[in-house]
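Asks: One structure, pasted below without further comment.
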Amino acid sequence: MQAQIRGSDAFSYLAVTLEPGESVIAESDAMSSMAADLDLQARMNGGLIAGLLRKYLAGESLFVSVFKNNTPAARSMTLVQPTPGGIRALDLHNDTFYLQPGAYLASTEGIKLGLGFAGFVSWIAGEGLFRTVVSGSGTVWYGAYGALLDKQVDGEYIVDSSHLVAYEPGIKLKLQLAGGLFSSFFGGEGLVTRVTGRGRIVVQTRSLTGLTGWINPKLR
Amino acid sequence: MTYKVSVTGYATPNAAAAQAAFAQAFKITPEKAAELLTTLPRTIKVGLDADTAERYCQALAKMGLNAEHSHHDAPAAKAAPSASATVTSAAVPAAKPAAAAPEAAPPPQPRAAAEQPGFQFRIDGAPDFAFLTVQLPANHSIKVEAAAMATMDTSIRMKTKLSGGLGRLVTGESIFVNEFSADTVAGEIGIAPGAPGDLAHVYLKGGEVLFLQNGAFVACDPDVTLETKWQGFTKGFFSGESFFLIRASGTGDLWFNTYGGMIEKEVDGEYVVDTGNIVAFTEGLDYKLEKFGGYKSLFFSGEGFVCRFRGKGRVWVQTRTSGALLAWAEQYRRVGKEA
């Protein structure tokens, strides 16, 4: 399989070429174009209960689409995410990574999608009560709104709520006020997430709250 | 059309292995590679053709790095890759891109301002979703648009200040500007403006004055004074955005953002900008609002009113207007308007 992230940060998309017999799993609705003879199969996302939980709690869909190349030659397709923004690829070798609700885009066979309880801290911080847990061996593609930046955390770091996209299991989330009581509520920052531990986090450079804060005053 | 190749992230959890592979392929020391790959995305090659760029990406993928290539306008003033980088890239034997020696010092692609006085900073994600990271030395602080802080070190403290007085209340922006300070130890702060678009940086030398369109302010040195300036009824009324401009004066860094891309234009003489596209301009320019091409075009061309700048100075123009976005999105809105 060959996969490439193309397009600019604003409108990234994933171009996948499947060799005969290969398949790729994608969030339902992610396919934007494909060779006509690729086979599509909708698969319940890890069983009915798990799928339903993922749909309602982690912002993913009940079904995922499996695209399989049953032809004797290579076939191509493109996958897109719903929000404007960047896409990232992540190779896993028997390890685990946490994605924020809605960030999952596609993966290779061999990647297991699960639902993890992210904790009330995550929920109050606007990051969702649950998170998508990707594990196994293979590649997973995820995306978010804005450009994506990597940050290696060793110790503590503060991320405004709704900017966190993905993080390694070594990272724990804590909640705190952005400043003093007055500042936090009148300064527009409110609660922020304090990430602690050692590992990589991925941050999106824009947030939905930032977008609405910009555009809402202009709407009549 | 030339392409640039950027490393955007690690495809493997083993960052050290990827850095080692990178160091080996590009014949640099592992320390150098680690340093290069600490802050991502990092542009490593510019001025490539499409095929070569593609091969670079594949080679980088084998090292466990996510890479992407994108169109790149070589002479773009902002990206400012060194001239030598382009020359080296052109001489790369196309057959083995990974083995090609990189530029001795790959240009720090996210725009940095090491040679400038003021704070160390970098801009990532430009031009689509530009994100500002400022390094605050100990005992220094920075003023930031309310709600724009996205990340920061735990050593940084936040204070909320009423800035600009009542004027800012009327500009439609939050009247609060937050001040973030590194009290005892240095730290970094990441700032994400609300609108999708680019960021610009200006270092105001004492006495220089810049006018910002309402809403364009992102961050500044505490020694930069922000005031709102009444544009007058005629200018304000027709400029669409608001009756107010933000007047920035003093000494220090100033960052402002656009919706859309950003064009910086030196004006000597006269220059005309649609009112919705103005982001900022220097004080030396006189500006006058005028109707564009008579009443007929006012109603039928969609241009309406424009701003005519006169004099010597600089104008920053954004490549999209929020008004056009709203007009386009309005037809899809399904909110109850009677409320």
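So the protein sequences, as listed, match chains C and Y.
Just so we're aligned, residue 269 is where the first sequence starts under our numbering, counting upward by one.
Just so we're aligned, residue 2 is where the second sequence starts under our numbering, counting upward by one.
Where is the CB? At the ideal position from N, CA and C, for every residue including glycine.
If we require 3 or more residues per run, which beta strand (DSSP E) segments fall completely within the segment 335-383 of chain C?
Replies: Look at the segment 335-383 of chain C and you find these whole runs of beta strand (DSSP E), each 3 residues long or longer: 343-348, 355-367, 372-376.
Asks: Which two residues bound the contiguous beta strand (DSSP E) that contains THR480 of chain C?
Replies: What you label residue 480 of chain C is simply residue 212 of the first sequence in a count that begins at 1. THR480 of chain C -> not in any beta strand (DSSP E); alpha helix (DSSP H) instead, spanning 476-483.
Asks: Taking the alpha carbon of PHE385 of chain C as the point to measure from, which residue in C:LYS440, C:SER296, C:ALA342 has its own alpha carbon closest?
Replies: Your numbering for residue 385 of chain C matches position 117 in the first sequence. Nearest of C:LYS440, C:SER296, C:ALA342 to PHE385 of chain C, Cα basis: C:LYS440.
Asks: Could you please tell me which residues of the segment 374-389 of chain C, in chain order, have their CB closer than 8 Å to any CB of chain B?
Replies: Reference to chain B is not applicable here, since the protein chains of this structure are C and Y.
Asks: Identify every residue that forms a DSSP beta bridge with ARG311 of chain Y.
Replies: If you number the second sequence from 1, residue 311 of chain Y lands on position 310. Answer is Y:GLU271, Y:ASP287, bridged to ARG311 of chain Y.
Asks: Is the shortest distance between the beta-carbon of MET150 of chain Y and the beta-carbons of chain C less than 9 Å?
Replies: Here the question's residue 150 of chain Y lines up with position 149 in the second sequence. Judged by the 9 Å Cβ criterion, MET150 of chain Y is in contact with chain C.
Asks: Run through chain Y and tell me which residues come within less than 9 Å of GLY414 of chain C, C-beta to C-beta.
Replies: As a first step, residue 414 of chain C is located in the first sequence; it is residue number 146 there, counting from the start. Chain Y residues near GLY414 of chain C: GLY126, ASP129, PHE130, PHE132, ALA193, PRO197.
Asks: Taking only heavy atoms of the ligand ATP into account, decide whether any of them is closer than 8 Å to the Cβ of HIS431 of chain C.
Replies: As far as ligands go, the structure on display features none, and thus does not contain the ligand ATP.
Asks: Could you check whether the Cβ of ILE247 of chain Y sits closer than 9 Å to any Cβ belonging to chain C?
Replies: Counting from 1 along the second sequence, the entry for residue 247 of chain Y is found at position 246. Chain C contact via Cβ: absent.
Asks: Unbroken beta strand (DSSP E) runs of length 3 or more, entirely within the segment 129-169 of chain Y: which are they?
Replies: Those beta strand (DSSP E) runs which fall completely within the segment 129-169 of chain Y and span 3+ residues are 132-137, 141-146, 150-153, 157-163.
Asks: Looking at LEU479 of chain C and GLY216 of chain Y, is the spacing between their C-beta atoms short of 9 Å?
Replies: To locate residue 216 of chain Y, count along the second sequence from 1; it is residue 215. To locate residue 479 of chain C, count along the first sequence from 1; it is residue 211. No, these two residues do not count as a Cβ contact at 9 Å.
Asks: List the residues of chain Y whose Cβ lies closer than 8 Å to the Cβ of TYR425 of chain C, in chain order.
Replies: Residue 425 of chain C sits at position 157 when you count from the first residue of the first sequence. The contacting residues are THR152, MET153, ASP154, THR155.
Asks: So, with DSSP's three-state summary, where would you put GLY387 of chain C?
Replies: As a first step, residue 387 of chain C is located in the first sequence; it is residue number 119 there, counting from the start. Residue state, collapsed to three classes: coil.
Asks: Taking the alpha-carbon positions, what's the THR229 of chain C to GLU271 of chain Y distance?
Replies: In this structure chain C extends from 269 to 488, so residue 229 of chain C is not present and cannot be described.
Asks: Is there a Cβ of chain C sitting closer than 9 Å to that of SER250 of chain Y, yes or no?
Replies: Taking the second sequence and counting its residues from 1, one reaches residue 250 of chain Y at position 249. No, SER250 of chain Y lies away from the interface with chain C (no Cβ there is under 9 Å from its Cβ).
Asks: Evaluate PRO14 of chain Y with the Cβ neighbour count: other Cβ atoms within 10 Å of its Cβ, from every protein chain shown; 16 or more gives buried, anything less gives exposed.
Replies: Residue 14 of chain Y sits at position 13 when you count from the first residue of the second sequence. Buried, since its Cβ has 16 or more Cβ neighbours within 10 Å.
Asks: Determine the direct distance from the alpha carbon of ASN338 of chain C to that of LEU326 of chain Y, and round the result to whole angstroms.
Replies: Locating residue 326 of chain Y in the second sequence gives position 325, where the first residue counts as 1. Locating residue 338 of chain C in the first sequence gives position 70, where the first residue counts as 1. Approximately 44 Å between the Cα atoms of the pair.
Asks: Name the one or two DSSP bridge partners that VAL460 of chain C has.
Replies: The residue labelled residue 460 of chain C in the question sits at position 192 within the first sequence. Note: VAL460 of chain C sits in a beta bridge opposite C:ASP428, C:GLN444.
Asks: How many angstroms separate the CA atom of PHE120 of chain Y from the CA atom of PRO128 of chain Y?
Replies: Indexing the second sequence from 1 puts residue 120 of chain Y at position 119. Indexing the second sequence from 1 puts residue 128 of chain Y at position 127. So the two alpha carbons sit approximately 21 Å from each other.
Asks: Count the other CB atoms within 10 Å of the CB of LYS79 of chain Y; is the residue buried (16 or more) or exposed (fewer)?
Replies: Reading the second sequence from its first residue, position 78 is the one you call residue 79 of chain Y. Here the model assigns LYS79 of chain Y a pLDDT of 38, short of 50, so the residue's position is not dependable and the matter cannot be decided.
Asks: Residues of chain C with CB under 9 Å from ALA11 of chain Y, in chain order?
Replies: Your numbering for residue 11 of chain Y matches position 10 in the second sequence. Position check: residue 11 of chain Y holds Tyr in this sequence, whereas Ala was assumed. Under the 9 Å cutoff, chain C gives LEU358, ASP359, ASP418, ARG468.
Asks: Please name the residue in C:MET299, C:VAL334, C:SER301 whose C-alpha comes closest to that of MET312 of chain C.
Replies: Position 44 of the first sequence holds residue 312 of chain C. The shortest C-alpha separation from MET312 of chain C is found at C:VAL334.
Asks: Applying a beta-carbon distance threshold of less than 9 Å, which residues of chain Y neighbour LEU479 of chain C?
Replies: Sequence index remark: in the first sequence, residue 479 of chain C carries index 211 (1-based). Under the 9 Å cutoff, chain Y gives GLY195, ALA196, PRO197.
Asks: Counting along the chain, where does the alpha helix (DSSP H) carrying GLU287 of chain C start and finish?
Replies: The count along the first sequence starts at 1 and reaches residue 287 of chain C at position 19. Here GLU287 of chain C belongs to no alpha helix (DSSP H), and DSSP marks it neither H nor E.
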